[in-house]
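Undergrad: Chains as they are written, first to last, in this note's numbering: chain A, 74 to 379; chain B, 74 to 379; chain C, 74 to 379; chain D, 74 to 379; chain E, 74 to 379. Where a beta carbon is used, it is the ideal one built from N, C-alpha and C, also for glycine.
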Amino acid sequence: MKLTQRVKRILANYESDNPGTKANLARILMHGKLGGSGRLLILPVDQGFEHGPARSFAANPDAYDPQYHFQLAVDAGLNAFASPLGMIEAGADTFAGAIPTILKVNSSNSHATTKDQAITGSVGDALRLGCSAIGFTIYPGSDEAFEMMEEIREMAEEAKSVGLAVVIWSYPRGGNLSKEGETAIDVTAYAAHMAALLGAHIIKVKPPTEHIEQDDARKVYEKQKVDISSLSARISHVMQSSFNHRRIVVFSGGGSKGTEDVLNEIRALRDGGANGSIIGRNTFQRPRQEALEMLDTIIKIYQNKA
Amino acid sequence: MKLTQRVKRILANYESDNPGTKANLARILMHGKLGGSGRLLILPVDQGFEHGPARSFAANPDAYDPQYHFQLAVDAGLNAFASPLGMIEAGADTFAGAIPTILKVNSSNSHATTKDQAITGSVGDALRLGCSAIGFTIYPGSDEAFEMMEEIREMAEEAKSVGLAVVIWSYPRGGNLSKEGETAIDVTAYAAHMAALLGAHIIKVKPPTEHIEQDDARKVYEKQKVDISSLSARISHVMQSSFNHRRIVVFSGGGSKGTEDVLNEIRALRDGGANGSIIGRNTFQRPRQEALEMLDTIIKIYQNKA
Amino acid sequence: MKLTQRVKRILANYESDNPGTKANLARILMHGKLGGSGRLLILPVDQGFEHGPARSFAANPDAYDPQYHFQLAVDAGLNAFASPLGMIEAGADTFAGAIPTILKVNSSNSHATTKDQAITGSVGDALRLGCSAIGFTIYPGSDEAFEMMEEIREMAEEAKSVGLAVVIWSYPRGGNLSKEGETAIDVTAYAAHMAALLGAHIIKVKPPTEHIEQDDARKVYEKQKVDISSLSARISHVMQSSFNHRRIVVFSGGGSKGTEDVLNEIRALRDGGANGSIIGRNTFQRPRQEALEMLDTIIKIYQNKA
Amino acid sequence: MKLTQRVKRILANYESDNPGTKANLARILMHGKLGGSGRLLILPVDQGFEHGPARSFAANPDAYDPQYHFQLAVDAGLNAFASPLGMIEAGADTFAGAIPTILKVNSSNSHATTKDQAITGSVGDALRLGCSAIGFTIYPGSDEAFEMMEEIREMAEEAKSVGLAVVIWSYPRGGNLSKEGETAIDVTAYAAHMAALLGAHIIKVKPPTEHIEQDDARKVYEKQKVDISSLSARISHVMQSSFNHRRIVVFSGGGSKGTEDVLNEIRALRDGGANGSIIGRNTFQRPRQEALEMLDTIIKIYQNKA
Amino acid sequence: MKLTQRVKRILANYESDNPGTKANLARILMHGKLGGSGRLLILPVDQGFEHGPARSFAANPDAYDPQYHFQLAVDAGLNAFASPLGMIEAGADTFAGAIPTILKVNSSNSHATTKDQAITGSVGDALRLGCSAIGFTIYPGSDEAFEMMEEIREMAEEAKSVGLAVVIWSYPRGGNLSKEGETAIDVTAYAAHMAALLGAHIIKVKPPTEHIEQDDARKVYEKQKVDISSLSARISHVMQSSFNHRRIVVFSGGGSKGTEDVLNEIRALRDGGANGSIIGRNTFQRPRQEALEMLDTIIKIYQNKA
């Protein structure tokens, strides 16, 4: 695998990491149809944990099978597949070497009585399953936020020491945050910045809205005339907030919606300089052929061909 | 011990496990009258912890003796015997090699003031007692659910590393769940799916009712026309939710009831594709001869002979 | 030391234990005037921690000295002496080899604001002090019961691994239990059963009353006509609930009372099949000579000579 | 250093300790003007942590310097100097070998919102700083009392294993205790007894008043006619409650007061059989020369020369 | 690097530290334009974590890039650069050896629901990133203060054992403290003293006001006529409270303000004997050239040249 100049420049931003971690980042960045472009597309399948199996898979029952998702990610030419322990265990051997995997090491569910997640995987699990990275969700703003940060801090240190990459899902919620504030531009940029400060190699946040949640922040956005008028401008601000583009940031696809809505959002992400997308429900809840076609179009958008 | 093709196919689903764990799963699947069939029948005796000795054993006083249960499981030709630490310790040597055992490593009791269980056994205990697996109860929905998931995650990682299998009792309760919701079809399928994602080899849930607990789930069940009209259809949905039949799922027998009710339920479990049953009170609270006869009939049902 | 047949049969019930633990159980069972009989009499001195020094020792000031109790246990020909860390440290060398000791590793006090105990000793302490066993109190029913069970589970596993025996004081209290319920027959039998399931070698409970605390239990006691009409019948039920006599159960003496009351209670314990007694305040709060005489009579009762 | 018979007899009471711990106890007992007498005088300087620097040192600004206290203890011929981590670190090298030191390993402060202390030093710190003992405060009666006991239990086991001595400050407070009850005779004797049971080599309590706090205790004090009418009688009762004089007990000096009051209290302590005093504010808040003179008089009192 | 006499005298105050820690203190004290003078100027950039990226960097967008701050600290000739994990990781290799770094190992944020911080870095991280020290914030007065003290205690012991220096940010807040009390002179001197007792090598507090918060303290300040009438007098009192100048104390710059206000405050700090300043927002929120000029003036002030 010969690295492209673009990927070499990205890896150079991770200057404190050991060759093992850089190699795993390279594996993700060089894999699939977007391999080498500096853009990436990841398939996450943790909705079964978050919302239950029927809400996740009944629309496309083949998706009850873990290996369906491995195969979909391989066939679509994605960069990586991310999922909790059991699902990775159910396909890790069959698909060994076929696609980089990210072990999602904490998980919540729709019965939860707190804004928290349970640790459901470990760095040791990621190693024995041949994963390239661990993935972890933090909820900045929740009463459990400090504890979650301490959990990923400890796991990230261990992961880096054994050559794994670290992906942080940074999803503000709880505490004093309003529902609208969870995706506000100030809150999202802040969420990405905190993930960067926590040492994430790859940051996942939601596409931000124009809403500003915190009064102290609003004064600054207005005074400094930070452009947040379009989605691509907001994406650009998030990238800037992620160590001025030194960290890889991917954006989630959100709830299921029409294909055109998905594609238009991707175009704005691309124009704002996002590294890519991480799209779950909008792929596996569609029939396989339709999903493959949509993913191919998304890839073309990131290749500036659509 | 020559494995049957059916058992080999089941073991192939556990593709990430080491030979030690597969051997222990094979021991359970190949033992007893159902050995090799892919079906299994397990005797669990933790009711003494859950409800106290008199409520558990006074109806059949011979059952106060731990070795009574080992002997019953052996004589009935069951696949395995599951119990907390003290009871396994009281018979592990006498019955060494006579029947696979599952060490139940957490336990509650009828004095409990929270929806939680105490850790009462360890992986080290399971090894020194010659057990094939550890068993652990989670209460999805309770305030302590995340903590329980973290406990079994850690114990499961250790168990797998030393070649033991992992059985998860997934019993939703507490939090926002209604009493009826604890056995609702959406909640039960979700409970089985979470156990699978947590890395369980064998999942134990209760036979689900037609009730749907969560509004967001109901919309999907109705829209996607998921068949939940009969017990066998619901069992089939639970199996599908357990990685599309890639994980072994057994169903509990519930409170004591009439023999014919027990047997009819078993027939529905069989028809729905369940891997088997785990029956406690309905066996050891009957006189031994009557229990042996009922277990023999259950085995015949799973063999499609009754 | 040549073991009696009676002691050999008792030790055979601990079939999962290593020779080190069996040797320590044998030391306790073979020591003193009851040595070899399968009965045992233990002196516990933790009242200073529980109630303070004056309430414990002012009636017999010689008892302020830790070595007074070692000497009393030796001179009375008891099986073992049990006490918290500091008191064992104060006599362990002088009385090394003179009498088996049990290190009480958790303790409460009369200032306590929760139904809990502090860990005040360790397995390592027991080893360096030459003890034969550790002793631990659980309060089934209290809000802290699960935590206490987890503490003894961990300490018991360690103790067994280094050849020590494990004694559990099982004293229900707190939570939904009424004061009267703490010594109810259903609650006491349940407490003994839980201690057995937790892996105790020796179980200590209080002599139960005829009261039944839990409604679900009452139905069973009535339906199954469990005999709880006399203290000896109730003791017999507790022994049955302790793995059908497979575990050693000793009964506490309770608050100080008249000699004849003490002796009559002992007779009922003996007739019910109890393994013995653990008597503190009723011995050391009496003048030494009177205590020695009473203990001698108790021993004779257990020898069926009084 | 040739031990006196008196010190040998005291050390013999610590019969379970290893030679390292006995040597450190001997260092403390043999040092200074009271060396060898079985009496001891300790300078504690943790008031800066407890009350802040100005309240502690503004009256005598030289005392802002940590080395002032080391020098005062050396020049006054005291047995030992006790202080938290930072202050010991600031003089340990300059005064290495000049005076035994006790590392106070937990500390509170006047901002505290709970009746607890933070762990602020470790056994490892004590070793690297050349200390002879660790010191730890427990608050029997507080909601955190069990946790504090568990902390010192663990640290004491470690300290003893590496040859350090253990000093416990036993200061009842919080929970159901009245302010007056904190120094009640029943509560103080109980506090000393609990420290002894926790394995302390040296116990520090406050001089008790005639007040009795607990009703159950009052009955015993009255029935058994325990003499608590004078301070020396109460001290004698505390010594008795400390394993009948088998443990070293020192008494604190309390808030700053007139010299004559201090000296009279010392006389009562001596007459009651106390091992000595631990006096902070009453020394370092006085001018150095005045403090030295007062300390010399105290020493003479303990030598029965004043 | 030949140490100056001034630096040698400062290092001599850290008499219990190993040569590794002293070497790292020396690196900080000898680096930059103030190197060797005993004064120091540190650039801290944790405002992104505390207040979010836009509030921190929008005024000077170059500052979104972590390496901007490394370069600023190098070009301004400062003694050290302090920041959380991710920002240090993003420049540690490029600037290896160019400037001493301090890894800030705990962090809060403006969403926090408690007066606490999350641990976000470790001693191991500091070592692999080539840092000279770890930095830690405590909030004396908060409900979490004891826990924070225990965290830094443990990390400080580890840091010292591997030759790192320890910087404590001591910021009273929460609990019973009024907003005004957070910077009161009594509270600030107390905060510095507690940091010293916790074993800090370098203490960071805020410049104190004339307000006195605690009544017991006010009596002493008035009785002993402690001079708190000017900022420099108050600084002198804080230095005295820090082991009588034996510990290095630096003062924060606080919120952004006019250049002259900043410089006047620095003059008072200098006159009071402060070791230096730690200035963040007032530097990086200015254009680079303006910041460099202001820092140069500050340095001249500490050199008594301005």
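Measure the C-alpha to C-alpha separation of residue 279(E) and residue 304(E) and round it to an integer number of angstroms.
TA: For the purposes of this step, residue 279(E) is identified with residue 206 of the fifth sequence, where counting begins at 1. For the purposes of this step, residue 304(E) is identified with residue 231 of the fifth sequence, where counting begins at 1. Near 11 Å, if we compare the C-alpha coordinates of residue 304(E) and residue 279(E).
Undergrad: What in chain B is Cβ-close to residue 267(C), meaning under 7 Å?
TA: For the purposes of this step, residue 267(C) is identified with residue 194 of the third sequence, where counting begins at 1. Per Cβ cutoff of 7 Å: 122 and 182.
Undergrad: Give a yes or no on contact between the stretch 227-242 of chain B and the stretch 282-295 of chain B, applying the rule of three or more CB pairs nearer than 8 Å.
TA: no
Undergrad: Looking only at its own chain, which residues have a Cβ that is under 6 Å from the Cβ of residue 139(D), when we skip the five neighbours before and after it?
TA: By one-based count along the fourth sequence, residue 139(D) stands at place 66. Taking residue 139(D) as the centre and dropping the five residues before and after it, the same chain places the C-beta of 160, 163 and 164 closer than 6 Å to its C-beta, in chain order.
Undergrad: Are there three or more Cβ pairs, one per stretch, closer than 8 Å when the stretch 222-229 of chain D is compared with the stretch 180-195 of chain C?
TA: yes
Undergrad: First and last residue of the beta strand (DSSP E) that includes residue 206(C)?
TA: Indexing the third sequence from 1 puts residue 206(C) at position 133. From DSSP, the beta strand (DSSP E) with residue 206(C) extends over 206-211.
Undergrad: Shorter than 8 Å from the beta carbon of residue 131(D) to some beta carbon of chain E?
TA: Residue 131(D) sits at position 58 when you count from the first residue of the fourth sequence. With 8 Å as the cut-off, residue 131(D) counts as an interface residue toward chain E.
Undergrad: Please report the residue range of the beta strand (DSSP E) in which residue 174(A) lies.
TA: By one-based count along the first sequence, residue 174(A) stands at place 101. Element bounds for residue 174(A): 174-177.
Undergrad: Residue 347(C) CB to nearest chain B CB: under 8 Å?
TA: Looking up residue 347(C) in the third sequence gives position 274. Look at residue 347(C): its C-beta is not under 8 Å from any C-beta on chain B.
Undergrad: For the beta strand (DSSP E) holding residue 154(B), just list the boundary residues, first then last.
TA: Numbered from 1 along the second sequence, position 81 holds the residue referred to as residue 154(B). 153-156 is the extent of the beta strand (DSSP E) around residue 154(B).
Undergrad: Between the C-alpha atoms of residue 251(B) and residue 348(B), what's the straight-line distance to the nearest angstrom?
TA: Locating residue 251(B) in the second sequence gives position 178, where the first residue counts as 1. Locating residue 348(B) in the second sequence gives position 275, where the first residue counts as 1. Using only the alpha carbons, I get a separation of about 28 Å.
Undergrad: Name the one or two DSSP bridge partners that residue 349(E) has.
TA: Taking the first residue of the fifth sequence as position 1, residue 349(E) is located at position 276. According to DSSP, which records beta bridges pairwise, residue 349(E) is partnered with 113(E) and 323(E).
Undergrad: Buried or exposed for residue 307(E), going by 16 or more other Cβ atoms inside 10 Å?
TA: Position 234 of the fifth sequence, counted from the start, is the residue given in the question as residue 307(E). For residue 307(E), the number of other beta carbons within 10 angstroms of its own is at least 16, and it is reported as buried.
Undergrad: Roughly how far, in whole angstroms, is the beta-carbon of residue 80(C) from the beta-carbon of residue 175(C), given that I think they are within contact range, below 8 Å?
TA: Along the third sequence, read from residue 1 onward, the residue named residue 80(C) stands at position 7. Along the third sequence, read from residue 1 onward, the residue named residue 175(C) stands at position 102. At roughly 18 Å, the Cβ-Cβ gap does not stay under 8 Å, so residue 80(C) and residue 175(C) are not in contact.
Undergrad: The beta strand (DSSP E) that contains residue 240(A), what's its start and end?
TA: What you label residue 240(A) is simply residue 167 of the first sequence in a count that begins at 1. Where residue 240(A) is concerned, the enclosing beta strand (DSSP E) stretches over 238-243.
Undergrad: In three-state terms, what does DSSP make of residue 277(B)?
TA: By one-based count along the second sequence, residue 277(B) stands at place 204. Of the three classes helix, strand and coil, the one that applies to residue 277(B) here is strand, per DSSP.
Undergrad: Identify, in the order they occur along the chain, each residue of the same chain with its Cβ nearer than 8 Å to the Cβ of residue 374(C), setting aside the five sequence neighbours on each side.
TA: Residue mapping note: residue 374(C) aligns to position 301 of the third sequence, counting from 1. 336, 339, 340 and 343.
Undergrad: Kindly indicate which three-state DSSP category residue 269(D) falls into: helix, strand or coil?
TA: Your numbering for residue 269(D) matches position 196 in the fourth sequence. Reduced to three states, the DSSP call for residue 269(D) is helix.
Undergrad: Pop quiz: residue 130(C) and residue 143(C) are said to be a contact at Cβ under 8 Å. What is the actual Cβ separation, rounded to whole angstroms?
TA: As a working mapping, residue 130(C) is identified with position 57 in the third sequence. As a working mapping, residue 143(C) is identified with position 70 in the third sequence. Rounded, the Cβ-Cβ distance is 15 Å, inconsistent with contact.
Undergrad: Give the residues of chain A in contact with residue 137(E), contact being defined as C-beta atoms less than 8 Å apart.
TA: Walking along the fifth sequence from the start, residue 137(E) turns up at place 64. What residue 137(E) touches in chain A: 313, 314, 316 and 317.
Undergrad: Could you tell me which residues DSSP puts in a beta bridge with residue 282(A)?
TA: If you number the first sequence from 1, residue 282(A) lands on position 209. Residue 282(A) pairs with 257(A).
Undergrad: Against residue 229(B), what residues of chain C qualify as contacts under a CB-to-CB distance less than 9 Å, listed in chain order?
TA: As a working note, residue 229(B) is residue 156 in the second sequence. The premise fails here: residue 229(B) is roughly 18 Å from chain C at the closest Cβ pair, so nothing lies under 9 Å.
Undergrad: Pull out every residue of the stretch 202-222 of chain A whose Cβ sits closer than 7 Å to any Cβ of chain B, in chain order.
TA: Under the 7 Å Cβ criterion, the stretch 202-222 of chain A contributes 202.
Undergrad: Show which residues of chain C have a CB atom less than 9 Å away from the CB atom of residue 239(D).
TA: In the fourth sequence, residue 239(D) corresponds to position 166, counting from 1. Going along chain C, no residue has its Cβ under 9 Å from residue 239(D), so there is no contact; the nearest lies around 11 Å.
Undergrad: Looking at residue 145(D) and residue 361(D), is the spacing between their C-beta atoms short of 8 Å?
TA: As a first step, residue 361(D) must be located in the fourth sequence, where it is residue number 288. As a first step, residue 145(D) must be located in the fourth sequence, where it is residue number 72. In contact: residue 361(D) and residue 145(D) (Cβ atoms closer than 8 Å).
Undergrad: Contact defined as beta carbons within less than 8 Å: I believe residue 178(A) pairs with residue 207(A). What is the distance between those atoms, to the nearest angstrom?
TA: Looking up residue 178(A) in the first sequence gives position 105. Looking up residue 207(A) in the first sequence gives position 134. Right, their Cβ atoms sit about 5 Å apart.
Undergrad: Name the chain A residues whose beta carbon is nearer than 9 Å to that of residue 290(B)?
TA: Taking the first residue of the second sequence as position 1, residue 290(B) is located at position 217. In chain order: 124, 125, 127, 128 and 183.
Undergrad: Put residue 371(A) into one of helix, strand or coil per three-state DSSP.
TA: As a position in the first sequence, residue 371(A) is number 298, starting the count at 1. Correct three-state label for residue 371(A): helix.
Undergrad: Please classify residue 253(B): is it buried, with 16 or more other beta-carbons within 10 angstroms of its beta-carbon, or exposed?
TA: Along the second sequence, read from residue 1 onward, the residue named residue 253(B) stands at position 180. Residue 253(B) counts as exposed, since fewer than 16 other beta carbons sit within 10 angstroms of its beta carbon.
Undergrad: I'd like to confirm the pairing. Which residues does DSSP put opposite residue 192(D) in its beta bridges?
TA: Locating residue 192(D) in the fourth sequence gives position 119, where the first residue counts as 1. 179(D).
Undergrad: Whole angstroms is fine: what's the gap from residue 298(D)'s alpha carbon to residue 298(E)'s?
TA: Position 225 of the fourth sequence, counting from 1, holds the residue named residue 298(D). Position 225 of the fifth sequence, counting from 1, holds the residue named residue 298(E). Taking the straight line from one Cα to the other gives about 52 Å.
Undergrad: Taking the alpha-carbon positions, what's the residue 285(B) to residue 118(B) distance?
TA: Translated into the one-based positions of the second sequence, residue 285(B) becomes position 212. Translated into the one-based positions of the second sequence, residue 118(B) becomes position 45. When rounded, the distance between both Cα atoms is 30 Å.
Undergrad: On the three-state DSSP scale, how would you describe residue 202(A)?
TA: By 1-based counting over the first sequence, the position of residue 202(A) is 129. Coil.
Undergrad: By the three-class DSSP mapping on this structure, what secondary structure does residue 161(B) have?
TA: Position 88 of the second sequence, counted from the first residue, corresponds to residue 161(B). In this structure, residue 161(B) counts as helix in the three-state DSSP scheme.
Undergrad: Could you name the residues of the stretch 140-160 of chain A whose beta carbon sits closer than 7 Å to any beta carbon of chain B, in the order they occur along the chain?
TA: 157, 158, 159 and 160
Undergrad: Could you tell me the distance, in whole angstroms, from the CA atom of residue 99(C) to the CA atom of residue 105(C)?
TA: As a position in the third sequence, residue 99(C) is number 26, starting the count at 1. As a position in the third sequence, residue 105(C) is number 32, starting the count at 1. The alpha-carbon atoms of residue 99(C) and residue 105(C) are separated by roughly 12 Å.
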